[in-house]
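Asker:
Protein chains in written order, with our numbering: chain A, 1 to 338; chain B, 1001 to 1338.
1. Assuming residue 310(A) and residue 21(A) make a contact with CB atoms under 8 Å, what is their CB distance in whole Å?
2. Residue range of the alpha helix (DSSP H) that residue 1283(B) falls in?
3. How would you call residue 1207(B), buried or exposed, if buried means at least 16 neighbouring beta carbons within 10 angstroms?
4. Is there at least one Cβ from chain A nearer than 8 Å to residue 1211(B)'s Cβ?
5. With burial defined as no fewer than 16 other Cβ atoms inside 10 Å of the residue's Cβ, what is the status of residue 1030(B): buried or exposed?
6. Which word fits residue 1236(B), buried or exposed, when buried means at least 16 other C-beta atoms lie within 10 angstroms of its C-beta?
7. DSSP has residue 1038(B) in a bridge; who is on the other side?
8. If contact means a Cβ-Cβ distance below 7 Å, which residues of the region 1175-1197 of chain B contact chain A?
9. By DSSP, does residue 305(A) sit in helix, in strand, or in coil?
10. Using a Cβ-Cβ cut-off of less than 8 Å, give me the residues of the region 132-166 of chain A that come near chain B, in sequence order.
11. Our contact map puts residue 1160(B) next to residue 1172(B) with C-beta atoms below 8 Å; I'd like the distance itself, whole angstroms only.
12. For residue 294(A), which of helix, strand or coil comes out of DSSP?
13. Report yes if the C-beta distance between residue 38(A) and residue 76(A) is below 8 Å; otherwise report no.
14. Return the CA-CA distance between residue 1056(B) and residue 1034(B), expressed in angstroms with no decimal places.
15. So, does the CB of residue 1107(B) fall closer than 8 Å to a CB anywhere in chain A?
16. Thinking C-beta only, is residue 174(A) closer than 8 Å to residue 222(A)?
17. Report the three-state DSSP secondary structure of residue 8(A) (helix, strand or coil).
18. Under 8 Å, do residue 1242(B) and residue 267(A) count as touching if we go by C-beta distance?
19. If the cut is a Cβ gap below 8 Å, which residues of chain B does residue 245(A) touch?
20. Can you have a look at residue 1187(B) and say buried or exposed, based on whether 16 or more other CB atoms are within 10 angstroms of its CB?
21. In angstroms, rounded to a whole number, what distance separates the CA positions of residue 1032(B) and residue 1018(B)?
22. Can you find the residues in the same chain that come closer than 7 Å, C-beta to C-beta, to residue 1164(B), ignoring five residues on each side of it along the sequence?
23. Does the structure place the region 1105-1117 of chain B close enough to the region 1064-1079 of chain B that three or more beta carbon pairs sit under 8 Å?
24. Residue 304(A) to residue 313(A), Cα distance in whole Å?
25. Identify which residue in 1269(B), 1299(B), 1306(B) and 1271(B) has its Cα closest to the Cα of residue 1283(B).
26. Below 8 Å on the Cβ atoms is my guess for residue 1326(B) versus residue 1184(B); work out the distance and round it to an integer in Å.
27. At what residues does the beta strand (DSSP E) containing residue 1028(B) begin and finish?
28. Figure out for me which residue from 321(A), 25(A), 318(A) and 86(A) has the closest Cα to the Cα of residue 114(A).
29. Going by DSSP in three states, residue 142(A) sits in which element: helix, strand or coil?
30. I'd like to know whether the C-beta of residue 226(A) is nearer than 8 Å to at least one C-beta of chain B.
31. Got a sec: is the Cβ-Cβ distance from residue 1081(B) to anything in chain A below 8 Å?
32. Considering only the beta carbon of each residue, do residue 1285(B) and residue 1162(B) sit closer than 8 Å?
33. Considering only residues of the region 182-257 of chain A, which uninterrupted alpha helix (DSSP H) runs meet the minimum length of 4 residues and lie entirely inside it, listed in chain order?
34. Across which residues does DSSP place residue 125(A) in a beta bridge pair?
35. For residue 1232(B), decide whether its Cβ has a neighbour in chain A, counting only Cβ atoms nearer than 8 Å.
36. If you measure between the beta carbons of residue 234(A) and residue 1234(B), is that distance less than 8 Å?
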């Protein structure tokens, strides 16, 4: 049995989508138990008269708004659903937290209550991307906008462990996102990171360019969260724009609709695949606990998938494996410098 | 009559593609005269026996390699085709330079020989992108990897002048590329730039996200050259990856080929439209002269288009208009602070 604390008040369609997604997850995962955290009355409105056995409501009177500053939320909302959910994880009552709420507040609360794994200065969001070949992990996808070289090396290490342990790719190839393949190319951050990654024990293949992201020749794509977030959203927006451009062509040229529908289907599926929110959520790696960040627009299915993902990570002991890998990496780094 | 200095030795297919592209440009643009700069014998090999009247060969014995460092190229190759081409622009014999050679060396030589416009610290590459609505300008697309807020404001000003004077869009809307629409979101560079742009006289609409680039709701997209280059190359690579993914679907599902061909055609055209190399080249704005950077893989058509673009900018007095706009912007900035 594993227990997941779910922020019932987080997201645009909370609590309805969250409660219904949680009920569906309970049906699908027999070893799962859920704490639904939030305003009891509002949660109950969407529960069947007879509450499922493996579900418990944990009351929290406050709700963090999407535009609350993370620090303000921590300070002025001690009884928020996000805060209470993380307290359950801190006490060991829950082994994972899932929230579709204010992601800055989720990150700040996770740091404050659960803390970081040893060797991690900055937790990072890992997004699984589709490529022409297999999936790749883009890390950081948006948690850290200003980074130092050693942060990017930690992202690389966490991304590689995630690839190996969760996606099952042995010795994952790590690429550093830059503007030229030669090690000398890039901005100051990337040039310095390149040097550190070259000296690391990772399977580092060097710089990759923007056009290589979807080629599938590397398994882990490392960048700061500013660049990572722009890449993800650009990909989403471009898929949409291409659909619109193709629609314009179809109507201009009066060509068969079927071709357009086929292309549109492929683009829509691609958009779903890159949208980690639709995939159920992305893990926040580097926190001493399993944390899944879901998108604000999460529907029932997204919440159900996010809870399922959390369960998978608990069972695969993601945090323990990250902790060990980071300790080994630190040991190696120390033996190199000593 | 306007005169363009063309680096005959620059690019993967030089001098053949450059010489042939120049000949085609002469046929298409009756007011154009061309200086072909490079090794005379090699250039002559691709010219008709009777040299066209409006074409002149200017000898240069050295060639800058694609992997030469820009500074080394300047120092150790005083008789390079890039250097000689810019000397023609400096003396006033030519009014523009077109090169498909080492773009770092082109930038360094342009700075050294022609210098910057007053008010510009860093020249930037402006790329015209297709969107769902009309075209937009992405600036900087790769000239400057580490930037300060005032550089981004200058890029914004140059991009707006380019939009207004060359693309004919009155009062262009300027957006700052970031990871959230609120002014408080982004990295340190973007937050500081947001403040400066809000105080400028530009038609600044605020932050835009990656997903907005192809929506066509802003005319000028401002970012540093590291982010800009990654965005461009990601767009190119994603169009390719989507083609491959659709091809996989077609064969898997045994659906009609026509639909696939239609979609592939649209994606190919999109790829051509975002690839500034195929469009003939992108202007380097902020240099006291017209400079067009073409891609290393430029073929005859690309070179012909680049020369045509250079001619257009000369006739439209792009540099004069930029100079005036920058002076006005500086005047306003000074009156605000005084």
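Each residue gets a CB set at the ideal place from its N, CA and C atoms; glycine is no exception.
Answerer: Judging by the given coordinates:
1. 12 Å between Cβ atoms; not a contact.
2. Careful: residue 1283(B) lies outside any alpha helix (DSSP H), inside the beta strand (DSSP E) at 1282-1285.
3. buried
4. yes
5. exposed
6. buried
7. 1059(B)
8. 1177, 1179, 1186, 1187 and 1188
9. helix
10. 132, 142, 145 and 146
11. 5 Å
12. coil
13. no
14. 6 Å
15. no
16. yes
17. coil
18. Taking 8 Å as the Cβ cut-off, residue 1242(B) and residue 267(A) qualify as a contacting pair.
19. 1130, 1132, 1266 and 1270
20. buried
21. Residue 1032(B) and residue 1018(B) have their alpha carbons spaced roughly 16 Å apart.
22. 1170 and 1172
23. yes
24. Put simply, the backbone Cα of residue 304(A) is about 14 Å away from that of residue 313(A).
25. 1306(B)
26. The Cβ separation is near 29 Å, so there is no contact.
27. Segment 1016-1028 is the alpha helix (DSSP H) holding residue 1028(B); no beta strand (DSSP E) there.
28. Of 321(A), 25(A), 318(A) and 86(A), the smallest CA-CA separation from residue 114(A) is found for 86(A).
29. coil
30. yes
31. Not closer than 8 Å to any Cβ of chain A, the Cβ of residue 1081(B) fails to qualify, so no.
32. yes
33. 188-199 and 225-253
34. 284(A)
35. yes
36. yes
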